[in-house]
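As structure tokens, the structure follows; a few thoughts come after it.
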Amino acid sequence: EPEVTQTPSHQVTQMGQEVILRCVPISNHLYFYWYRQILGQKVEFLVSFYNNEISEKSEIFDDQFSVERPDGSNFTLKIRSTKLEDSAMYFCASSPDWVEQYFGPGTRLTVT
Amino acid sequence: AQKVTQAQTEISVVEKEDVTLDCVYETRDTTYYLFWYKQPPSGELVFLIRRNSFDEQNEISGRYSWNFQKSTSSFNFTITASQVVDSAVYFCALRGSGGSYIPTFGRGTSLIVHP
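For the record, the sequence lines run as chains P and V.
Its first residue numbered 45, the first sequence is counted upward by one per residue in this note's numbering.
Its first residue numbered 4, the second sequence is counted upward by one per residue in this note's numbering.
This is the structure:
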């Protein structure tokens, strides 16, 4: 069964550094998303992406964040200058129909 | 504005007990979608079910069942004869269709099933 994959599974970075989180969505899906989950808290929407552009973004998704689909398969989330409070699990999801979303296993980002 | 409330922070049961996880939602959309996800200790999010607002049929899948009641804005999830492997955090989520498709998640209910 096709699945969403994410790399790396765990990323440790120093405050102020740039990080890129990578996702490979399910191949025939058209909608892509990033979420984050701070440890022990609820899942929060960051951004949705369709037709090579951002469809919606939340208040969390400020100028420090960007998304890109650099080729036909990858979908990346970049954080330009990480802060301690960016430490969280980041989930990528893809969807064939903007409703039912399939989540990846997540990348745990630790900012020190 | 959308809101999802999972009032039960943590539930602890003994194996083979039935358990119901509550989910109450608020939305102004007339068409919307409700979801349940399971997050086991390993951390991934596992899709369990999706329900459209215009389909109030209850659903059963093995030991899992869902009770959708529009009149009370609830979408409760019952696990029958719980097992240790059911131990996880369960999230209820809501997604509207009236302009914003941003999903809203509840805070989750942590279910602990003791052997």
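C-beta: ideal position from N, C-alpha, C; glycine also.
None of these values were measured; they are calculated from a predicted model.
Measuring alpha carbon to alpha carbon, tell me which of the options ends up nearest residue i.
i: residue 49(P); options: 56(P), 60(P), 61(P), 66(P); result: 66(P)
i: residue 72(V); options: 59(V), 63(V), 55(V); result: 59(V)
i: residue 44(V); options: 104(V), 93(V), 19(V); result: 93(V)
i: residue 116(P); options: 100(P), 96(P), 129(P), 108(P); result: 96(P)
i: residue 69(P); options: 93(P), 107(P), 133(P); result: 93(P)
i: residue 56(V); options: 31(V), 46(V), 65(V), 64(V); result: 31(V)
i: residue 141(P); options: 51(P), 73(P), 85(P); result: 73(P)
i: residue 85(P); options: 9(V), 16(V), 51(V); result: 9(V)
i: residue 103(V); options: 112(P), 55(P), 99(P); result: 99(P)
Under 8 Å Cβ to Cβ from residue i, same chain only, skipping five residues before and after it: list those, please.
i: residue 96(V); result: 7, 37, 38, 39, 40, 106, 107, 108, 109
i: residue 57(P); result: 63, 126, 153, 154, 155, 156
i: residue 110(P); result: 121, 122, 124
i: residue 42(V); result: 48, 49, 91, 92, 93, 94, 111
i: residue 47(P); result: 70, 146, 148
Give me the Cβ distance between residue i and residue j, rounded to the nearest whole Å; I'm assuming they're in contact under 8 Å.
i: residue 114(V); j: residue 91(V); result: 6 Å
i: residue 81(P); j: residue 147(P); result: That belief does not hold up - the Cβ atoms of residue 81(P) and residue 147(P) are roughly 11 Å apart, past 8 Å.
i: residue 118(V); j: residue 87(V); result: 5 Å
i: residue 112(V); j: residue 11(V); result: 5 Å
i: residue 149(P); j: residue 53(P); result: 7 Å
i: residue 76(V); j: residue 28(V); result: 5 Å
i: residue 76(P); j: residue 105(P); result: Actually they do not touch by this definition, with Cβ atoms about 14 Å apart.
i: residue 53(V); j: residue 143(P); result: 7 Å
i: residue 101(P); j: residue 83(P); result: About 23 Å separates the two Cβ atoms, so there is no contact after all.
i: residue 26(V); j: residue 79(V); result: 6 Å
i: residue 133(P); j: residue 46(V); result: 6 Å
Can you list, in chain order, the residues of its chain with a C-beta nearer than 6 Å to that of residue i? Leave out the 5 residues immediately preceding and following it.
i: residue 81(V); result: 23, 68
i: residue 145(P); result: 137, 139
i: residue 21(V); result: 83
i: residue 60(P); result: 125
i: residue 87(P); result: 79, 81
i: residue 107(P); result: none
Within a Cβ cutoff of 7 Å, which residues of the same chain sit near residue i, ignoring the five residues on either side of it in sequence?
i: residue 128(P); result: 59, 155
i: residue 100(V); result: 32, 34, 35
i: residue 130(P); result: 123, 153, 155
i: residue 18(V); result: 85, 86, 87, 116, 117, 118
Is residue i near the ligand HEM, going by C-beta to nearest heavy atom under 7 Å?
i: residue 83(P); result: Looking at this structure, you won't find the ligand HEM or any other ligand, since it has none at all.
Requested in this report: Give the residues from the region 22-53 of chain V that approach chain P closer than 7 Å (Cβ to any Cβ), ordered along the chain.
Outcome: Of all residues in the region 22-53 of chain V, only 36, 46, 47, 48, 50, 53 come within less than 7 Å of chain P when Cβ atoms are compared, listed by chain position.
Query - Near-chain V residues of the region 120-152 of chain P (beta-carbon distance less than 9 Å), N- to C-terminal order - result: So the list reads 133, 135, 137, 142, 143, 144, 145, 146, 147, 148, 149, 150, 152, given in the order they occur along the chain.
Query raised in the report: For the region 81-105 of chain V, which residues have a beta carbon sitting closer than 8 Å to at least one beta carbon of chain P?
Result: Within the region 81-105 of chain V, the residues whose Cβ lies closer than 8 Å to some Cβ of chain P are 94, 96, 98, 103, 104, 105, listed in chain order.
**Report entry** Residues within the region 77-92 of chain P neighbouring chain V, beta-carbon criterion of under 8 Å
**Finding:** With the criterion set as a beta carbon lying under 8 Å from some beta carbon of chain V, the members of the region 77-92 of chain P are 85, 86, 87, 88, 89, 92, in sequence order.
Query raised in the report: For the region 94-124 of chain P, which residues have a beta carbon sitting closer than 7 Å to at least one beta carbon of chain V?
Result: Cβ contacts with chain V come from 100, 102.
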